[in-house]
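There are 2 protein chains.
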Amino acid sequence: MDQRLERTVQALREVGADWAVLASVDGVAYATGHFAPVEAGPSPFAGGPTIALIDRNGTAGIACANVEAAAAGASRVTEVELYEGYAFDHGVDYIDSYRTAVGSLARRLGVGGRLAGERGHVPQILGDVLPVDTALDLTPPLRRLRATKTAEELAALRRSAEAVAIGQRRFLEALRPGRSELAVFAEIRCAIEEFAGCRVPITGDFISGAARSSAFTGWPIHRVIEPGDPVMADLAPRIDGYWGDSCATTSAGPASKGFMKLFEASKGALTHALEIIRPGMTAQELDAQLRAYVGRHGFTYPHHSGHSIGTAVHEFPRLVPYETAVLEPDMVLLVEPGCYDPEIGGVRSEYMIRVTDSGCEILHPFDHVPSA
Amino acid sequence: MDQRLERTVQALREVGADWAVLASVDGVAYATGHFAPVEAGPSPFAGGPTIALIDRNGTAGIACANVEAAAAGASRVTEVELYEGYAFDHGVDYIDSYRTAVGSLARRLGVGGRLAGERGHVPQILGDVLPVDTALDLTPPLRRLRATKTAEELAALRRSAEAVAIGQRRFLEALRPGRSELAVFAEIRCAIEEFAGCRVPITGDFISGAARSSAFTGWPIHRVIEPGDPVMADLAPRIDGYWGDSCATTSAGPASKGFMKLFEASKGALTHALEIIRPGMTAQELDAQLRAYVGRHGFTYPHHSGHSIGTAVHEFPRLVPYETAVLEPDMVLLVEPGCYDPEIGGVRSEYMIRVTDSGCEILHPFDHVPSA
Numbered sequence: 000m001d002q003r004l005e006r007t008v009q010a011l012r013e014v015g016a017d018w019a020v021l022a023s024v025d026g027v028a029y030a031t032g033h034f035a036p037v038e039a040g041p042s043p044f045a046g047g048p049t050i051a052l053i054d055r056n057g058t059a060g061i062a063c064a065n066v067e068a069a070a071a072g073a074s075r076v077t078e079v080e081l082y083e084g085y086a087f088d089h090g091v092d093y094i095d096s097y098r099t100a101v102g103s104l105a106r107r108l109g110v111g112g113r114l115a116g117e118r119g120h121v122p123q124i125l126g127d128v129l130p131v132d133t134a135l136d137l138t139p140p141l142r143r144l145r146a147t148k149t150a151e152e153l154a155a156l157r158r159s160a161e162a163v164a165i166g167q168r169r170f171l172e173a174l175r176p177g178r179s180e181l182a183v184f185a186e187i188r189c190a191i192e193e194f195a196g197c198r199v200p201i202t203g204d205f206i207s208g209a210a211r212s213s214a215f216t217g218w219p220i221h222r223v224i225e226p227g228d229p230v231m232a233d234l235a236p237r238i239d240g241y242w243g244d245s246c247a248t249t250s251a252g253p254a255s256k257g258f259m260k261l262f263e264a265s266k267g268a269l270t271h272a273l274e275i276i277r278p279g280m281t282a283q284e285l286d287a288q289l290r291a292y293v294g295r296h297g298f299t300y301p302h303h304s305g306h307s308i309g310t311a312v313h314e315f316p317r318l319v320p321y322e323t324a325v326l327e328p329d330m331v332l333l334v335e336p337g338c339y340d341p342e343i344g345g346v347r348s349e350y351m352i353r354v355t356d357s358g359c360e361i362l363h364p365f366d367h368v369p370s371a
Numbered sequence: 000m001d002q003r004l005e006r007t008v009q010a011l012r013e014v015g016a017d018w019a020v021l022a023s024v025d026g027v028a029y030a031t032g033h034f035a036p037v038e039a040g041p042s043p044f045a046g047g048p049t050i051a052l053i054d055r056n057g058t059a060g061i062a063c064a065n066v067e068a069a070a071a072g073a074s075r076v077t078e079v080e081l082y083e084g085y086a087f088d089h090g091v092d093y094i095d096s097y098r099t100a101v102g103s104l105a106r107r108l109g110v111g112g113r114l115a116g117e118r119g120h121v122p123q124i125l126g127d128v129l130p131v132d133t134a135l136d137l138t139p140p141l142r143r144l145r146a147t148k149t150a151e152e153l154a155a156l157r158r159s160a161e162a163v164a165i166g167q168r169r170f171l172e173a174l175r176p177g178r179s180e181l182a183v184f185a186e187i188r189c190a191i192e193e194f195a196g197c198r199v200p201i202t203g204d205f206i207s208g209a210a211r212s213s214a215f216t217g218w219p220i221h222r223v224i225e226p227g228d229p230v231m232a233d234l235a236p237r238i239d240g241y242w243g244d245s246c247a248t249t250s251a252g253p254a255s256k257g258f259m260k261l262f263e264a265s266k267g268a269l270t271h272a273l274e275i276i277r278p279g280m281t282a283q284e285l286d287a288q289l290r291a292y293v294g295r296h297g298f299t300y301p302h303h304s305g306h307s308i309g310t311a312v313h314e315f316p317r318l319v320p321y322e323t324a325v326l327e328p329d330m331v332l333l334v335e336p337g338c339y340d341p342e343i344g345g346v347r348s349e350y351m352i353r354v355t356d357s358g359c360e361i362l363h364p365f366d367h368v369p370s371a
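Protein chains in written order, with numbering that gives the first Met the number 0: chain A, 0 to 371; chain B, 0 to 371.
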């Protein structure tokens, strides 16, 4: 049995339930390997989110619309119930079809006893089809069990890290004054998609100039990059269901002294992180050390110091002041200190790392350079 | 009051309810102008879908996560309740915050009486916060009232049609043997995004070669386009909350006789549609005429003949054999007959049209050419 399915079963046992009812995109993806397409928004041909049902023995099934049949076929489950979302020669009530399919899957699998869901994710429309006990929530044990990655996940995340490294290399090649943020971003995304061999959902930030980059977050716009602009590429693509993430910031042409101060403090903080990360350290200790590092250079940053990643782009633990979780081997973390000055701009420097037995390793490093 | 809000109020009155509870991306967008970002999948910083509450007088409010503040700020509502989804210096339970924000908005607006939702969309987690009467479903009246477009919507849809025309022109410029589907698609998407000035969610199809194009649907992959390949670009971007759609198919280099047969039948069916569409005709009559046209050329197509469009990429009415709805002025329809032969490939030809008082007009025509 795939270890991710095993861990889902373990979560189920911890909450004392007989069946898991998964309805979140990342929860279904984690347990079953069914990676729903997301980049065009909610499907007009589905009656609700794809549902995975799993029992204490790891018996697993999926109910999804016919438009997601390819994802279901690639999943690790034994039972798949497809319903008609897309049809053209007769009318379909998607929601009735969805309810019927989930009910039929539940009967085929023999679902009964106590049902546990992910809080906030079970659709109301399934209330009578899958009477989930709202006192039994799989989210807390699942977030903990998902924090360290299995061998299969590490392989998937290495591939996502390779994709972001390819994207970051293309960023440096494509960046030049006179091009728009959107044009540079398009080249980056294309390089990542060529690597993946298919369309890739992508989040993160792509921002240039003092005002936009010092505001630290935003998607690319029509803005034309000017000589000396800071340009920040925070690239987070999902490759085969697993997200990667990364951030590099560079100056479009020769870097100013002000930019160099930001760059050296931010990049220095990332280098410092690589030296100090080890199992046994808490998330809040790492966060505090990175804030102290940039603080010694006269800067602060109005965001987290990082986060874990997997079938969701942000997972537990986060590197934040309040997080007491202890870092463990085979956690995969994004570490992303930054430095911001409204007059000059922002610089953020981020790698995807794996916590090892004694420290950490960068998953597919790429260059952070002050000017391109 | 914006006519879309007026029509939402009308739906509310028709079902006999006092408050509308909207939770679908397209329903919220239609009524309020709040266009949630969708192209990176579900936000890890939200506790549930953005909620719009509207009463019989058109009083309207929105509850959404702080990460959607920009969309809320651009909306037409008077009351906005933002909750913390993203925070870094203290822990947040997104779902509790979501529930609290929706409850707070409901109190501020004085929500009471009978609540109507869109069937299948109200989150279970709000069951006690917004006790929607499941017997009161806004979906049937809303789909009917949304079928004809308001002046503001026609302006928005003309802009989306212009975006697809720009995309289709770029398709012909970018297409050449030796390039991958993904590379050509990246250029097209960039042209559309440069027009919009921002990232654009896009769905549709991009498929080349006999096997892929005759299978009629699929997103672009790494496949390298070969001389003489049929290449189909079905481009559906969402610009400022309103979807556009379009399809052109061309041969990469000189077209074969077989391809020309497909092309002429498909393009001919589209031209025929433009001649016969008029108010008073039913959707199923139009569908039947287009199927008959390609049938006379020896072809069939395994999909609908078209559909309406708006804040959802597929809206009522669909051009399908079972749809008895009557076409009316100011409906905006996609008309997309196609011809498929597994040995040669597929050709689909699609325009976005507005039904006029006496016929139809193409919204931003573009060239359908047999070879590029």
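Virtual Cβ for every residue (Gly too), placed ideally from N, Cα, C.
This one's a predicted model, so the numbers in the text were calculated from it and none came from an experiment.
Where does the unbroken alpha helix (DSSP H) through residue i begin, and where does it stop?
i        : result
A/Ser96  : 93-108
B/Thr7   : 2-14
A/Leu129 : Where A/Leu129 is concerned, there is no enclosing alpha helix (DSSP H), given that its DSSP letter is neither H nor E.
A/Pro278 : From DSSP, A/Pro278 is part of no alpha helix (DSSP H); its letter is neither H nor E.
A/Leu362 : A/Leu362 -> no alpha helix (DSSP H), and no H or E assigned at all.
B/Thr138 : 138-144
A/Gly208 : 208-213
B/Ala70  : 68-72
Please go through the same chain and pick out, in chain order, the residues whose beta-carbon is closer than 8 Å to the beta-carbon of residue i, but skip the five residues on each side of it.
i        : result
B/Leu153 : Asp329, Val331, Arg353
B/Glu322 : Thr281, Ala282, Gln283, Asp286, Pro316
A/Asp136 : Val14, Ala115, Gly116, Glu117, Arg118
A/Gln288 : His271, Ala272, Ile275
B/Asn56  : Val8
Between which two residues does the beta strand (DSSP E) harbouring residue i extend?
i        : result
A/Glu274 : Looking at the DSSP string, A/Glu274 is not in any beta strand (DSSP E); the run it does join, the alpha helix (DSSP H), is 256-275.
B/Gly372 : A question about residue 372 of chain B goes unanswered here, because the residues of chain B that appear run from 0 up to 371.
B/Ala62  : 59-64
B/Gly116 : 114-116
B/Met351 : 350-354
B/His33  : Note, B/His33: premise wrong, no beta strand (DSSP E); not H, not E.
Measure the CB-CB distance between residue i and residue j and report whether it falls below 8 Å.
i        : j        : result
B/Ile187 : B/Ala232 : yes
B/Glu327 : B/Glu349 : no
B/Gly344 : B/Pro226 : no
A/Tyr29  : A/Arg3   : yes
Please state the DSSP three-state secondary structure of residue i.
i        : result
B/Val27  : helix
B/Arg157 : helix
A/Arg188 : helix
A/Pro122 : strand
A/Val20  : strand
B/Gly344 : strand
B/Tyr292 : helix
A/Asp233 : strand
B/Gly166 : helix
A/Val325 : strand
B/Leu174 : coil
B/Val319 : coil
For residue i, which residues in the same chain have their Cβ closer than 7 Å to its Cβ, ignoring the five residues on either side in sequence?
i        : result
B/Cys359 : Leu273, Ile276, Ile352, Arg353
A/Val312 : Thr202, Ala235, Trp242, Asp244
A/Pro219 : Glu180, Leu181, Phe184, Phe205
A/His367 : Ala247, Lys266, Ser348
Please work out which residues of its chain come closer than 6 Å, Cβ to Cβ, to residue i, disregarding the five sequence neighbours upstream and downstream, and give them in chain order.
i        : result
A/Arg75  : Asp1, Thr31, Gly32
B/Gly60  : Leu52, Val76, Glu78, Leu104, Leu108
A/Ala68  : Leu81
B/His306 : His313, Arg317, Leu333
B/Glu161 : His363
Compare the C-beta of residue i against all C-beta atoms of chain E and say whether one is closer than 8 Å.
i        : result
A/Val319 : Going by chain labels, chain E is absent from the structure shown, which instead holds the protein chains A and B.
Beta carbon of residue i: closer than 7 Å to some heavy atom of the ligand ATP?
i       : result
B/Asn56 : You won't find the ligand ATP in this model; it holds no ligand whatsoever.
contact_flag[the stretch 64-80 of chain A, the stretch 89-109 of chain A] where n(CB pairs < 8 Å) is 3 or more: Taking a cut-off of 8 Å for Cβ pairs, the stretch 64-80 of chain A and the stretch 89-109 of chain A touch, as three or more such pairs fall below it.
At least three beta-carbon pairs within less than 8 Å, the stretch 50-57 of chain A to the stretch 144-151 of chain A: Contact between the stretch 50-57 of chain A and the stretch 144-151 of chain A is absent, because fewer than three Cβ pairs lie under 8 Å.
Any 3 or more C-beta pairs closer than 8 Å across the stretch 198-213 of chain B and the stretch 32-41 of chain A: Judged by Cβ distances under 8 Å, the stretch 198-213 of chain B makes contact with the stretch 32-41 of chain A, as three or more pairs qualify.
Inter-stretch contact at 8 Å, needing at least 3 Cβ pairs: the stretch 260-269 of chain A / the stretch 338-349 of chain A: yes
contact_flag[the stretch 299-314 of chain B, the stretch 20-29 of chain B] where n(CB pairs < 8 Å) is 3 or more: yes
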